[in-house]
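Peer 1: Protein chains in written order, with UniProt numbering: chain D, 1 to 277; chain S, 1 to 277. Here a beta-carbon is modelled for each residue, glycine too, at the ideal position from N, C-alpha and C. The structure that follows is given in the form of structure tokens.
There are 2 protein chains.
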Amino acid sequence: MENFKRFLFFVCAAAVVGSLSIIFVLIWVLHYKEGLAWDGGAAEFNWHPVLMVAGFIFLQGTAIIIFRLPWTWACNKLVMKWIHASLHLSAFTLAVISTVAVFDFHNSAKIPNMYSLHSWLGLIAVVLYCLQIVVGVFLYLVPITPVPWRAAFMPFHVFFGTLLFVGVIAVALMGITEKLIFSLKSPKYSESPPEGIFVNVLGVLLVVFGALVVFTATRVPWKRPNDQVLHTLHTNEGGDDNVKAGPSLSQQLSDNADADADATDVRRRISKLDETN
Amino acid sequence: MENFKRFLFFVCAAAVVGSLSIIFVLIWVLHYKEGLAWDGGAAEFNWHPVLMVAGFIFLQGTAIIIFRLPWTWACNKLVMKWIHASLHLSAFTLAVISTVAVFDFHNSAKIPNMYSLHSWLGLIAVVLYCLQIVVGVFLYLVPITPVPWRAAFMPFHVFFGTLLFVGVIAVALMGITEKLIFSLKSPKYSESPPEGIFVNVLGVLLVVFGALVVFTATRVPWKRPNDQVLHTLHTNEGGDDNVKAGPSLSQQLSDNADADADATDVRRRISKLDETN
Numbered sequence: 001m002e003n004f005k006r007f008l009f010f011v012c013a014a015a016v017v018g019s020l021s022i023i024f025v026l027i028w029v030l031h032y033k034e035g036l037a038w039d040g041g042a043a044e045f046n047w048h049p050v051l052m053v054a055g056f057i058f059l060q061g062t063a064i065i066i067f068r069l070p071w072t073w074a075c076n077k078l079v080m081k082w083i084h085a086s087l088h089l090s091a092f093t094l095a096v097i098s099t100v101a102v103f104d105f106h107n108s109a110k111i112p113n114m115y116s117l118h119s120w121l122g123l124i125a126v127v128l129y130c131l132q133i134v135v136g137v138f139l140y141l142v143p144i145t146p147v148p149w150r151a152a153f154m155p156f157h158v159f160f161g162t163l164l165f166v167g168v169i170a171v172a173l174m175g176i177t178e179k180l181i182f183s184l185k186s187p188k189y190s191e192s193p194p195e196g197i198f199v200n201v202l203g204v205l206l207v208v209f210g211a212l213v214v215f216t217a218t219r220v221p222w223k224r225p226n227d228q229v230l231h232t233l234h235t236n237e238g239g240d241d242n243v244k245a246g247p248s249l250s251q252q253l254s255d256n257a258d259a260d261a262d263a264t265d266v267r268r269r270i271s272k273l274d275e276t277n
Numbered sequence: 001m002e003n004f005k006r007f008l009f010f011v012c013a014a015a016v017v018g019s020l021s022i023i024f025v026l027i028w029v030l031h032y033k034e035g036l037a038w039d040g041g042a043a044e045f046n047w048h049p050v051l052m053v054a055g056f057i058f059l060q061g062t063a064i065i066i067f068r069l070p071w072t073w074a075c076n077k078l079v080m081k082w083i084h085a086s087l088h089l090s091a092f093t094l095a096v097i098s099t100v101a102v103f104d105f106h107n108s109a110k111i112p113n114m115y116s117l118h119s120w121l122g123l124i125a126v127v128l129y130c131l132q133i134v135v136g137v138f139l140y141l142v143p144i145t146p147v148p149w150r151a152a153f154m155p156f157h158v159f160f161g162t163l164l165f166v167g168v169i170a171v172a173l174m175g176i177t178e179k180l181i182f183s184l185k186s187p188k189y190s191e192s193p194p195e196g197i198f199v200n201v202l203g204v205l206l207v208v209f210g211a212l213v214v215f216t217a218t219r220v221p222w223k224r225p226n227d228q229v230l231h232t233l234h235t236n237e238g239g240d241d242n243v244k245a246g247p248s249l250s251q252q253l254s255d256n257a258d259a260d261a262d263a264t265d266v267r268r269r270i271s272k273l274d275e276t277n
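This is the structure:
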């Protein structure tokens, strides 16, 4: 891997900032708020931020960069796909439980559901995330899907996955804003009480975590070697729009060892091209 | 250009959704709110959402995809860079005026400044955007910068530019949430009054606009042809991390015609590689 130290710095930074976010959200609900319970009250609501941060954001981020970890490159790609899918499924499950918690709390407290922009975009994100998982499983885990389809849809799978991850963080920031305005009364949010400042820092941590994950995931030289080959062929052949490139892509998808050799070959050839220009 | 009709659809959709967002924010402040003025009151605050949507979001989005429009590919790259920089500078100017409007309003109404997560992230975004413009001008418009540096920093320039664009939309969504909670009193936001629903739709439009712009900007086959070549060399040579690739990149940066020919050449060679596998 190129610039392994830099990669390591980014992955470690993401792990530290992500873990810090979870610690911050736990301190928020356990120290500043009513703690955690499943009683229809405020303590049940508190599962909402905890599960969203630890599940929908941290686990989703982990699922996104799992293919980038060079220690996993020796593993069978199918095993890695299952781990990737399982992490996303866990994130989705926690997001659903988290959503149930907030609906329960609202219903007990006679607060209307689904009126705010946060709730609209949050529900849209959960539904689209579910759809992304279903489509992902059928395209990349069920063996009946034609391999050219897999290659053709990969850029869209990656784009929508990243978009959803970023979107979920944006929705979390809106949720933090709502909760601080509603719950801080004396002193009010506008008087910058310690809780307000503390949770603002949590928001900043979530943004930094998102930026680190997306940066790590989108750096082409840090991709799993056979994915680098796929990327090269996509970008130079029109890839996702050019299904006729499929058959040879399929051979590479089905054989990691060959694909790794191809990666070296593509690099060598482009290197020569560069030298001759 | 590959899939020109699909590209046209995405660009037109972005233009329509972006324009709709501006119309929505104008209806919000002119019909539902106090209109526009520069008097330190609520009407001055209203410049904040209007200029943020029309300037910081719509103009910034336009600046991002301007290089993708094939009608501009015949133009000199330097001219296009100036247009790109001017659009970003206009977006920044409007963002600053918009920020002044909200500070003025807060000071007149004795509302504290800079206590909310929206204000923290908003100010961070404005400062980083300014920094991005300054660095961008020195790297890509001032002729003293060594060309290998330009090539080496390009992926970071693109990544941080996209990150800032997405970040600004997230901050806008938080701002909408704040404003609706604070300003809707009778009926309250939770009672879903027409204004609440209308502005929620504005929020959804901003998310769709962001998604369309980022999708259009990140599709490699839609890049300006010489940028496609650069992307190929980056992704296969480690590009931004491998400065020794600089000298030949510099030749391509300085000569659009050669670079276009190179694009065809790279495609042909990779196509051959694909066929032989």
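Does residue 280 of chain D get closer than 8 angstroms to chain S when you measure Cβ to Cβ?
Peer 2: Here chain D has residues from 1 to 277 only, and residue 280 of chain D is not among them.
Peer 1: Distance check for D/Lys77 and D/Ala151, CA to CA, integer angstroms please.
Peer 2: Position 151 of the first sequence holds residue 151 of chain D. Position 77 of the first sequence holds residue 77 of chain D. So the two alpha carbons sit approximately 15 angstroms from each other.
Peer 1: Can you check whether the CB of D/Val199 is closer than 8 angstroms to the CB of D/Ile65?
Peer 2: Position 65 of the first sequence, counting from 1, holds the residue named residue 65 of chain D. Position 199 of the first sequence, counting from 1, holds the residue named residue 199 of chain D. The answer is no: Cβ separation not under 8 angstroms.
Peer 1: What residues in the region 201-224 of chain S bring their beta carbon closer than 8 angstroms to a beta carbon of chain D?
Peer 2: Gly203, Val204, Val207, Ala211, Val214, Phe215, Thr218, Arg219, Val220 and Pro221
Peer 1: Applying a beta-carbon distance threshold of less than 8 angstroms, which residues of chain S neighbour residue 298 of chain D?
Peer 2: The question about residue 298 of chain D has no answer, for chain D in this structure spans 1 to 277.
Peer 1: Of all the residues that make up the region 96-126 of chain S, which are near chain D by a beta-carbon distance shorter than 7 angstroms?
Peer 2: Ile111, Pro112, Tyr115, Ser116, Leu117, His118, Trp120 and Leu121
Peer 1: Under 6 angstroms Cβ to Cβ from S/Leu94, same chain only, skipping five residues before and after it: list those, please.
Peer 2: Residue 94 of chain S sits at position 94 when you count from the first residue of the second sequence. Answer for S/Leu94: Leu51 and Gly55, listed in chain order.
Peer 1: Below 7 angstroms on C-beta distance, what does residue 280 of chain D contact in chain S?
Peer 2: Since the first and last residues shown for chain D are 1 and 277, residue 280 of chain D lies out of range.
Peer 1: So, do the region 163-180 of chain S and the region 202-211 of chain S have three or more beta carbon pairs nearer to each other than 8 angstroms?
Peer 2: yes
Peer 1: Compute the Euclidean distance between the alpha carbons of S/Ser116 and D/Gly18, then round it to the nearest angstrom.
Peer 2: Against the second sequence, residue 116 of chain S aligns to sequence position 116. Against the first sequence, residue 18 of chain D aligns to sequence position 18. Cα to Cα, the separation comes out at about 22 angstroms.
Peer 1: Counting Cβ pairs closer than 8 angstroms, one from the region 36-49 of chain D and one from the region 96-112 of chain D, do we hit at least three?
Peer 2: A contact between stretches requires three or more CB pairs, one per stretch, nearer than 8 angstroms, and the region 36-49 of chain D meets this requirement with the region 96-112 of chain D.
Peer 1: Taking the alpha helix (DSSP H) that S/Phe24 falls in, what are its first and last residues?
Peer 2: Counted from its first residue, the second sequence places residue 24 of chain S at position 24. Residues Phe4 to Ile27.
Peer 1: For D/Lys188, which three-state DSSP category applies?
Peer 2: Here residue 188 of chain D is taken as the residue at index 188 of the first sequence, counted from 1. In this structure, D/Lys188 counts as strand in the three-state DSSP scheme.
Peer 1: So, is S/Val53 buried or exposed, given that buried needs 16 or more other C-beta atoms within 10 angstroms?
Peer 2: Residue mapping note: residue 53 of chain S aligns to position 53 of the second sequence, counting from 1. So S/Val53 ends up on the buried side.
Peer 1: Name the chain D residues that come within less than 7 angstroms of S/Ala37, Cβ to Cβ?
Peer 2: Mapped onto the second sequence, residue 37 of chain S falls at position 37. Simply none; closest approach about 24 angstroms.
Peer 1: Going along the chain, which residues of its own chain have a beta-carbon closer than 7 angstroms to the beta-carbon of S/Trp38, five neighbours each way excluded?
Peer 2: One-based indexing of the second sequence puts residue 38 of chain S at position 38. The answer, listed in chain order, is Glu44.
Peer 1: From D/Thr161 to D/Leu173, what does the alpha carbon distance come to, in whole angstroms?
Peer 2: As a working note, residue 161 of chain D is residue 161 in the first sequence. As a working note, residue 173 of chain D is residue 173 in the first sequence. According to the sequence as given, residue 161 of chain D is Gly; it is not Thr. Cα-Cα distance, rounded: 19 angstroms.
Peer 1: Tell me which same chain residues have a C-beta within less than 8 angstroms of the C-beta of S/Thr216, skipping the five on either side of it?
Peer 2: Position 216 of the second sequence, counted from the first residue, corresponds to residue 216 of chain S. For S/Thr216, the CB contacts under 8 angstroms within the same chain, skipping 5 residues up- and downstream, are Phe7, Phe10, Val11, Ala14, Ile65, Arg68 and Trp222 in chain order.
Peer 1: Is it buried or exposed, S/Trp82, if we count other Cβ atoms within 10 angstroms and call 16 or more buried?
Peer 2: Residue numbering aside, residue 82 of chain S sits at position 82 when the second sequence is read from its first letter. When all chains shown are included, S/Trp82 counts as exposed.
Peer 1: If you check the beta carbons only, do S/Met114 and S/Leu123 fall under 8 angstroms apart?
Peer 2: Sequence index remark: in the second sequence, residue 114 of chain S carries index 114 (1-based). Sequence index remark: in the second sequence, residue 123 of chain S carries index 123 (1-based). Going by C-beta atoms, S/Met114 is nearer than 8 angstroms to S/Leu123.
Peer 1: Provide the residue span of the alpha helix (DSSP H) that contains D/Lys179, from first to last.
Peer 2: In the first sequence, the residue the question calls residue 179 of chain D occupies position 179. Val147 to Ser183 is the span of the alpha helix (DSSP H), which, as asked, contains D/Lys179.
Peer 1: Return the chain-ordered list of same chain residues with a C-beta closer than 6 angstroms to the C-beta of D/Tyr32, the five sequence neighbours on each side being excluded.
Peer 2: Counting from 1 along the first sequence, the entry for residue 32 of chain D is found at position 32. Only Glu195 meet the Cβ criterion.
Peer 1: Out of curiosity, what's the CA-to-CA distance linking S/Lys5 and S/Pro70?
Peer 2: In the second sequence, the residue the question calls residue 5 of chain S occupies position 5. In the second sequence, the residue the question calls residue 70 of chain S occupies position 70. Rounded to the nearest angstrom, the two C-alpha atoms are 12 angstroms apart.
Peer 1: Answer with yes or no whether the minimum CB distance from D/Ser254 to chain S is below 8 angstroms.
Peer 2: By 1-based counting over the first sequence, the position of residue 254 of chain D is 254. Because the pLDDT of D/Ser254 is 38, which lies under 50, any placement of that residue in the model is unreliable, and the question is left without a value.
Peer 1: Hey, how far is the Cα of S/Leu249 from the Cα of S/Pro148?
Peer 2: The count along the second sequence starts at 1 and reaches residue 249 of chain S at position 249. The count along the second sequence starts at 1 and reaches residue 148 of chain S at position 148. Bear in mind that a pLDDT of 35 at S/Leu249, under 50, signals an unreliable position, so the model cannot answer this.
Peer 1: Report the three-state DSSP secondary structure of S/Lys244 (helix, strand or coil).
Peer 2: The residue labelled residue 244 of chain S in the question sits at position 244 within the second sequence. Residue placement at S/Lys244 is flagged as unreliable, the pLDDT there being 36, under the threshold of 50; a coordinate-derived value is accordingly withheld.
Peer 1: Taking the alpha-carbon positions, what's the S/Gly35 to S/Thr62 distance?
Peer 2: For the purposes of this step, residue 35 of chain S is identified with residue 35 of the second sequence, where counting begins at 1. For the purposes of this step, residue 62 of chain S is identified with residue 62 of the second sequence, where counting begins at 1. S/Gly35 and S/Thr62 have their C-alpha atoms roughly 26 angstroms apart.
Peer 1: Could you tell me whether the Cβ of S/Val170 comes closer than 8 angstroms to any Cβ of chain D?
Peer 2: Walking along the second sequence from the start, residue 170 of chain S turns up at place 170. It is Ala, not Val, that sits at residue 170 of chain S in the sequence shown. For S/Ala170, the answer is yes, since a Cβ of chain D falls inside 8 angstroms of its Cβ.
Peer 1: Under 8 angstroms, Cβ to Cβ, is there at least one residue of chain D near S/Thr93?
Peer 2: Counting from one through the second sequence, the residue named residue 93 of chain S turns up at place 93. Cβ-Cβ to chain D under 8 angstroms: no for S/Thr93.
Peer 1: Which first and last residues belong to the alpha helix (DSSP H) in which D/Glu34 is found?
Peer 2: By one-based count along the first sequence, residue 34 of chain D stands at place 34. Unbroken run through D/Glu34: none, as it is neither H nor E.
Peer 1: Could you tell me if D/Pro146 is buried or exposed, where buried requires 16 or more neighbouring beta carbons within 10 angstroms of its beta carbon?
Peer 2: Your numbering for residue 146 of chain D matches position 146 in the first sequence. With fewer than 16 other Cβ atoms within 10 Å, it is exposed.
Peer 1: Taking just the CA atoms, how far does D/Asn3 sit from S/Ile197?
Peer 2: Locating residue 197 of chain S in the second sequence gives position 197, where the first residue counts as 1. Locating residue 3 of chain D in the first sequence gives position 3, where the first residue counts as 1. Each residue's Cα considered, the two are about 49 angstroms apart.
Peer 1: So, for D/Leu20: in the same chain, excluding its five sequence neighbours on each side, which residues have a beta-carbon less than 8 angstroms away from its beta-carbon?
Peer 2: For the purposes of this step, residue 20 of chain D is taken as residue 20 along the first sequence, with counting starting at 1. Once the five neighbours on either side are set aside, the close Cβ partners of D/Leu20 are Leu205.
Peer 1: Tell me where the alpha helix (DSSP H) around S/Phe138 begins and ends.
Peer 2: Position 138 of the second sequence, counting from 1, holds the residue named residue 138 of chain S. Leu117 to Tyr140 is the span of the alpha helix (DSSP H), which, as asked, contains S/Phe138.
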